[in-house]
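Written below as C-alpha cells is the structure these notes are about.
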Amino acid sequence: MPKTSFKHNSLRVIGGAFKGRKLKMAPLEITRSSKNILKESFFNTLGNTIIGTNFIEFFAGSGSIGIEALSRGAKYAFFFENHKESYKVLEENLGSICQDCAYKTIFGDTFKTYKDSLKSLKSETIGYLDPPFDIRENMQGIYKRCFDLIEDLDYQIFSNVILEHISSLEIPQKIGNFTLHKTKKFGKSALSYYQNLYL
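Structure below.
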C-alpha cells in the first residue's frame, strides 16, 4: 500500500505587521486552506474593529486566520485544533511568526475543550469557526454542533462570531444572543457574520 505523502503547501499573511510572511499549511488531506479572497474579504469587513480584541480560531488547522488577526492588531488569540499533524504545523507557524504575540493553543476536540479554555476571557472577543465540511466522513451534523457552540458562547464578551461553511447550508437568522448580519458566498464556501446586539 503506498505511503501517504505529507507534502506541505504554503500561503502568506496578507496584511498587518506580518504581511508577506510565509505560513506552512497542513496536508490538504487533513485541512483545507481558506481562500485568500475569502480571508481578505473577512478582514476587510472587520476593519479596525479587530484591534485590541481577543480572537478565537476554532478548528484552526494551520492557524492562518488567527495569525492574520494577530498581524492586524488583535491583542490575544486562542487556537483550537484536534488533528496531530495540523497541530504540529500550527505550532511551527506560531513559533516562526508570532514570537512576541500573546496566544494560546489547545490540542483536542474543540467541542469538548472550549468551555474551560475560554473561562479566562474578560474583554471583547471575536470568534471564527471553520469546521470541516459535513460532506467529509464522520462530519455529518457538525454544523448543528457549531450552532450549539455559538449559542453557548458568553454574550457578555463575544461581540461577533463568524462561521465559514459550505455555501449551500441553510443558516439560522438567530443563534442564542447572536443575530445574522450577512452571509457572503465564495464559490463552495461562505462566511456568515453573527453580531451580538446586546454588547
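Under the numbering used here, think of the first position of the sequence shown as -6, with each following residue one higher.
For every residue, glycine included, the Cβ atom is placed at its ideal position computed from N, Cα and C.
Computed from a predicted model, the values in this text were never measured in an experiment.
Tell me, to the nearest whole angstrom, how far the beta carbon of residue i is from that of residue j; I am working on the premise that it is less than 8 angstroms.
| i | j | result |
| --- | --- | --- |
| Leu83 | Ser55 | 6 angstroms |
| Gly66 | Gly9 | 7 angstroms |
| Glu117 | Asn47 | 7 angstroms |
| Lys97 | Ile150 | With a Cβ gap of about 16 angstroms, Lys97 and Ile150 do not count as contacting. |
| Lys68 | Ala95 | 6 angstroms |
| Ala53 | Glu74 | 5 angstroms |
| Leu122 | Phe51 | 5 angstroms |
| Arg14 | Ile90 | 5 angstroms |
What span of residues does the alpha helix (DSSP H) with residue i cover, start to end?
| i | result |
| --- | --- |
| Ile143 | 135 to 145 |
| Lys108 | 103 to 110 |
| Lys68 | Neither: Lys68 is in no alpha helix (DSSP H) and is coded neither H nor E. |
| Asn37 | 29 to 39 |
Take residue i and list the residues in its own chain whose beta-carbon comes closer than 8 angstroms to its own, dropping the five residues that flank it on each side.
| i | result |
| --- | --- |
| Thr167 | It is worth fixing the name first, because residue 167 is Lys in this sequence and not Thr. The answer, listed in chain order, is Leu173. |
| Tyr191 | Tyr148, Asn170 |
| Gly180 | Lys28, Ser160 |
| Thr176 | Ile164, Ala183, Leu184, Ser185, Tyr186 |
Please report the residue range of the beta strand (DSSP E) in which residue i lies.
| i | result |
| --- | --- |
| Phe48 | 47 to 51 |
| Ile120 | The sequence as given places Gly at residue 120; Ile does not occur at that position. 118 to 122 is the span of the beta strand (DSSP E), which, as asked, contains Gly120. |
| Glu85 | That residue, Glu85, is in no beta strand (DSSP E); its alpha helix (DSSP H) goes 77 to 90. |
| Ala183 | 182 to 189 |
| Asn153 | 151 to 159 |
| Phe179 | 171 to 179 |
| Tyr96 | 96 to 100 |
| Leu192 | Counting along the chain, Leu192 falls outside any beta strand (DSSP E), and DSSP gives it neither H nor E. |
| Lys15 | 15 to 17 |
For residue i, count neighbouring C-beta atoms within 10 Å of its own C-beta (all shown protein chains included) and say buried if the count is 16 or more, exposed if not.
| i | result |
| --- | --- |
| Ala70 | buried |
| Ile119 | buried |
| Leu184 | buried |
| Thr103 | buried |
| Gly40 | exposed |
| Ile44 | exposed |
| Leu162 | exposed |
| Ser152 | buried |
Who are the Cβ neighbours of residue i in its own chain at under 7 angstroms, not counting the five residues just before and after it?
| i | result |
| --- | --- |
| Phe171 | Ile143, Val154, Tyr187, Gln188, Asn189 |
| Phe140 | Pro165, Ile168 |
| Ala19 | Gly54, Ser55, Glu78, Ser79, Val82 |
Ignore the nearest five residues each way along the sequence and tell me which others in residue i's own chain have a CB closer than 6 angstroms to its CB.
| i | result |
| --- | --- |
| Phe100 | Tyr80 |
| Ser57 | Leu16 |
| Thr106 | Ile99 |
| Pro(-5) | In this prediction, Pro(-5) scores a pLDDT of 41, lower than 50, which makes its location untrustworthy; the coordinate-derived value is nonetheless stated afterwards. Around Pro(-5): no qualifying Cβ. |
| Asp93 | none |
| Thr38 | none |
| Phe11 | Ser64, Ile90 |
Chain C beta carbons: is any one of them nearer than 8 angstroms to that of residue i?
| i | result |
| --- | --- |
| Ser79 | Protein chains in the displayed structure number just one, and chain C is not present. |
Take every Cβ of the segment 101 to 119, pair it with every Cβ of the segment 29 to 36, and state whether three or more of those distances are shorter than 8 angstroms.
no
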